[in-house]
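Reviewing the structure listed below.
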Amino acid sequence: MVDKRKKQPVRKKQSVTDKNASNVYINRFYIMWAVVLLCFVTLICRAFYVQIINKDFLQNKANANILRTNTIKAMRGVIYDRNGIPLAISTPIMKIVIDPRDYFDNKKLYDETMLALEKEPNSRKLKRQLPDKNLNLDELADAVGMDRAELRKKMEERPRSRYLILKKEVPPQQAELIMKRNFQGVYTEKNYKRYYPQP
39 MVDKRKKQPV RKKQSVTDKN ASNVYINRFY IMWAVVLLCF VTLICRAFYV QIINKDFLQN
99 KANANILRTN TIKAMRGVIY DRNGIPLAIS TPIMKIVIDP RDYFDNKKLY DETMLALEKE
159 PNSRKLKRQL PDKNLNLDEL ADAVGMDRAE LRKKMEERPR SRYLILKKEV PPQQAELIMK
219 RNFQGVYTEK NYKRYYPQP
């Protein structure tokens, strides 16, 4: 006859080493989840600090990198009295500026090229390297109405500067004549001055 009772699986007795091994795996599992949880808590705390606590500082740094303020000089309108006589007039004036660093860099290149040309007077390559701008500081001083020694002194005091004002409030026609002389590193800035013709 056949025994119709269900056979129940026989459980093997776990040895002490098997119990210790499973405990080790369970402990490792909990430690791994604790480390993951700790990482998430750290990230959430850092996000809270950056977005809530330190928000203004970081926003200002971002704005400083992205935003710039440019002042645009605009000509103001003419103001007339009731009889049509102008009371206030704006007129353009120019500022003559030089970039000493650009001037001295090109002057150095010019001097080096001239020395090389003395050794090789027929070199076309060297002749092409010569700057086509006017490098004569004495002519520039005379053009802007400055003392020659004073201009040289100002330039030599700040040889790495990018901005040195030579003359302010120059009429546009005079500034145009100076710019036609093609001085190295010299440029103009346009401004407006307000005049009040009536006393």
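The sequence shown begins at 39 in our numbering and counts up by one. Glycine included, C-beta positions come from ideal geometry on N, C-alpha and C. Small disclaimer: the values here were computed from a predicted structure and weren't measured.
Run the CB neighbour count on Gln222, radius 10 Å, all protein chains shown included, and call it buried at 16 or more, exposed below. Buried, because 16 or more other Cβ atoms sit within 10 Å of the Cβ of Gln222.
I think Lys192 touches Leu178, with their Cβ atoms under 8 Å apart; what is that distance to the nearest whole Å? No, Lys192 and Leu178 are not in contact; Cβ-Cβ is about 12 Å, not under 8 Å.
Given Ile134 as reference, the closest of Arg232, Pro209 and Lys231 once Cα atoms are compared: In this structure, Pro209 is the residue among Arg232, Pro209 and Lys231 with its C-alpha nearest to the C-alpha of Ile134.
Rounded C-alpha distance that separates Glu214 from Val224: Cα-Cα distance, rounded: 12 Å.
Just curious, the beta strand (DSSP E) that Pro4 is in, first and last residue? Look at the range of the chain in this structure, 39 to 237, and you will see that residue 4 is not part of it.
With C-beta atoms as the reference, is Tyr148 less than 8 Å away from Leu175? No, Cβ-Cβ distance for Tyr148 and Leu175 is not below 8 Å.
Any idea if Pro235 is buried or exposed, counting beta-carbon neighbours within 10 angstroms, 16 or more meaning buried? Pro235 is exposed by the Cβ-count criterion.
How about Asn144 and Leu189: are their beta carbons less than 8 Å apart? No. Outside cutoff.
Do Arg139 and Arg219 have their CB atoms nearer than 8 Å? With a cutoff of 8 Å on beta-carbon distance, Arg139 and Arg219 are scored as not near each other.
Here's a check: name, in chain order, each residue in its chain whose Cβ is nearer than 6 Å to the Cβ of Thr151, leaving out the five neighbours to either side. When the five nearest sequence neighbours on each side are left out, the beta carbons in the same chain lying within less than 6 Å of the beta carbon of Thr151 are those of Leu164, Gln167 and Leu168, in order along the chain.
Residues near Lys171 in its chain [Cβ-Cβ closer than 6 Å; skip 5 each side]: Result list for Lys171: Asn220 and Gln222, in chain order.
Start and end of the alpha helix (DSSP H) containing Arg190? Arg186 to Glu195 is the span of the alpha helix (DSSP H), which, as asked, contains Arg190.
Contact check, Tyr233 vs Ile127 under 8 Å by CB: the rounded distance? A Cβ-Cβ distance of about 5 Å is found for the pair Tyr233 and Ile127, placing them in contact under the 8 Å criterion.
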